[in-house]
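Participant:
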Amino acid sequence: MNHQIVSHKPLKVLHVVGAMNRAGTETMLMNLYRHMDPEHVTFDFISYSHETADYDGEIMRLGGRIIRLEKTNSLKSLYQTMKQYGPYDAVHAHTLFHCGLALFAAKLAGIPIRIAHAHTTEDDQESAARKLYHTTMRRMIRLWATDRLACSNGAAQYLFGDQQAHTYFPNVIDYEGFLESPVLNVKRFKREAQLEKRLVVGHVGRFIEAKNHAFMLPVLNQLRKRDPHVNLLLVGDGDLRDAIEEKAEKAGLLDNVRFTGVRGDIATLLHSMDVFVFPSVYEGLGLVLLEAQACGLPCVVSDAIQPEADLGLGLVTRLSLQDSPEVWADHVLEAAIRPKPNPETIKHAFRQQGFAIASGISALKKIYHSNEGETDDQVIDHIL
2 MNHQIVSHKP
12 LKVLHVVGAM
22 NRAGTETMLM
32 NLYRHMDPEH
42 VTFDFISYSH
52 ETADYDGEIM
62 RLGGRIIRLE
72 KTNSLKSLYQ
82 TMKQYGPYDA
92 VHAHTLFHCG
102 LALFAAKLAG
112 IPIRIAHAHT
122 TEDDQESAAR
132 KLYHTTMRRM
142 IRLWATDRLA
152 CSNGAAQYLF
162 GDQQAHTYFP
172 NVIDYEGFLE
182 SPVLNVKRFK
192 REAQLEKRLV
202 VGHVGRFIEA
212 KNHAFMLPVL
222 NQLRKRDPHV
232 NLLLVGDGDL
242 RDAIEEKAEK
252 AGLLDNVRFT
262 GVRGDIATLL
272 HSMDVFVFPS
282 VYEGLGLVLL
292 EAQACGLPCV
302 VSDAIQPEAD
312 LGLGLVTRLS
322 LQDSPEVWAD
332 HVLEAAIRPK
342 PNPETIKHAF
352 RQQGFAIASG
362 ISALKKIYHS
372 NEGETDDQVI
382 DHIL
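Heads up: the sequence shown runs through residues 2 to 385, numbered per the working numbering.
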């Protein structure tokens with residue numbers, strides 16, 4: 002009997018991002034990309050940064066392309082790029098309200114699957130002009146998106162408003178890599194950072210207003226009154242890092258703070274902490290909070306953190322940013338002696354709540370395949 006072998010081309014997906022640096026949304030995309038079968042799905046990335054980003058090298062090693070655009074709000078540039086590097090089966094936009102423009106370009110380019118993905122609950126810019134822009138882009142998302150995904154209900158409400166249905170898409174992580182402590186690496190790091198036999202309160206995040214690093218310094222000051230050897234471990238980089246270092250120095254706290262910059266060994270750093278502190282002003286979900294819980298690390302977080310990020314393991318304490326530094330310090334010390342759940346309990350929580358990589362890949366494949374029958378390839382060149 003002769004068997005005919007049928008060959009299928011992989012689905013070709015274009016992600017629209019700002020830059021593929023080591024941050025929550027970008028890390029989630031890489032978690033998915035590393036586990037995607039390249040015979041079934043391939044990823045390209047539009048980036049609006051001309052600087053090499055943290056994940057660019059790995060993307061290219063995995064077979065993806067980084068396509069750099071100069072003009073962030075050029076419909077023509079987006080459309081031409083999609084036609085030049087395509088044909089694409091899907092465009093998956095992660096650029097907040099800018100998604101509307103990207104998906105309009107994708108519609109014009111005849112791309113059948115057009116996804117707007119909500120990742121945050123607020124925008125730093127809230128002027129009247131910005132609000133008009135939000136209204137316009139929200140309308141474009143409603144018109145041109147075939148799918149609307151969100152990491153939390155709060156993120157969906159902010160980007161899509163009340164009138165647009167959405168699909169909840171959890172920020173998946175490779176939790177297996179965080180369950181067990183890399184003991185030798187932790188010992189080495191703590192020795193080099195002079196953190197041995199010290200209470201280590203830590204944070205991972207970019208130095209931007211939303212992450213609220215300045216809030217941690219008065220909390221550290223209160224902790225130091227009770228334990229002079231306490232240390233604050235700050236992992237990440239960003240525009241406000243110098244300002245935070247200066248504030249720590251002026252407050253006489255610099256000897257109790259460790260700045261690591263951007264690191265790739267996040268599991269080692271999280272396992273080096275006794276408590277994770279996350280006082281964000283706003284947050285779409287907070288992927289690093291999931292990573293911290295995967296380590297079994299007690300977490301003290303602001304009530305701006307979306308409830309979906311709490312895995313129900315008894316590790317997360319939510320506080321108001323209106324609470325005093327003394328109150329935060331009290332809860333940090335209480336969290337430091339909290340018993341950790343065992344790895345099997347943590348695994349079960351991730352699987353049950355859909356944060357496992359396999360769940361994310363399965364859900365994403367269904368979305369990427371959902372509109373294969375749509376063949377709208379009418380391009381209106383004259384409006385570009």
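Ideal Cβ positions, reconstructed from N, Cα and C, are used throughout, including at glycine.
1) Using three-state DSSP, classify threonine 28 as helix, strand or coil.
2) Among Tyr169, Val92, Leu322, His349, whose alpha-carbon lies nearest the alpha-carbon of isoleucine 116?
3) So the candidates are His349, Leu314, Val276, Phe351; which of them puts its Cα closest to the Cα of aspartate 331?
4) Using the C-alpha atoms, what's the distance from aspartate 304 back to aspartate 324?
5) Considering only C-alpha positions, which residue in the set Gly155, Leu160, Ala146, Thr147 is nearest to tyrosine 134?
6) Does histidine 93 come out as helix, strand or coil in the three-state DSSP assignment?
7) For glycine 203, name the three-state secondary structure that DSSP assigns.
8) Under the DSSP definition of a beta bridge, which residues are partnered with cysteine 300?
9) Can you find the residues in the same chain that come closer than 6 angstroms, C-beta to C-beta, to phenylalanine 170, ignoring five residues on each side of it along the sequence?
10) Taking aspartate 175 as the reference, give the member of Glu52, Thr28, Gln223 with the closest Cα.
11) Would you mind stating whether glutamate 250 and leucine 271 have Cβ atoms separated by less than 9 angstroms?
12) Looking at the structure shown, is isoleucine 117 part of a helix, part of a strand, or coil, going by DSSP?
13) Per DSSP, valine 17 is paired with what?
14) Going by DSSP, what residue range makes up the beta strand (DSSP E) through phenylalanine 351?
15) Helix, strand or coil: how does DSSP classify glycine 65 here?
16) Assuming leucine 79 contacts methionine 138 under a Cβ cut-off of 8 angstroms, what Cβ separation, rounded to an integer in Å, is found between them?
17) Within the continuous beta strand (DSSP E) that includes arginine 131, where are the two ends?
Facilitator: The answer reads as follows:
1) Three-state result, threonine 28: helix.
2) Val92
3) Val276
4) 11 angstroms
5) Leu160
6) Shown here, histidine 93 sits in a strand according to DSSP, grouped into three states.
7) strand
8) Phe277, Val317
9) Leu150
10) Thr28
11) no
12) The sequence as given places alanine at residue 117; isoleucine does not occur at that position. Residue state, collapsed to three classes: strand.
13) Ile47, Ala94
14) Counting along the chain, phenylalanine 351 falls outside any beta strand (DSSP E), though it belongs to the alpha helix (DSSP H) covering 344-353.
15) Three-state DSSP puts glycine 65 in coil, outside helix and strand.
16) Actually they are not in contact, since the Cβ atoms of leucine 79 and methionine 138 sit about 14 angstroms apart, beyond 8 angstroms.
17) Arginine 131 -> not in any beta strand (DSSP E); alpha helix (DSSP H) instead, spanning 129-145.
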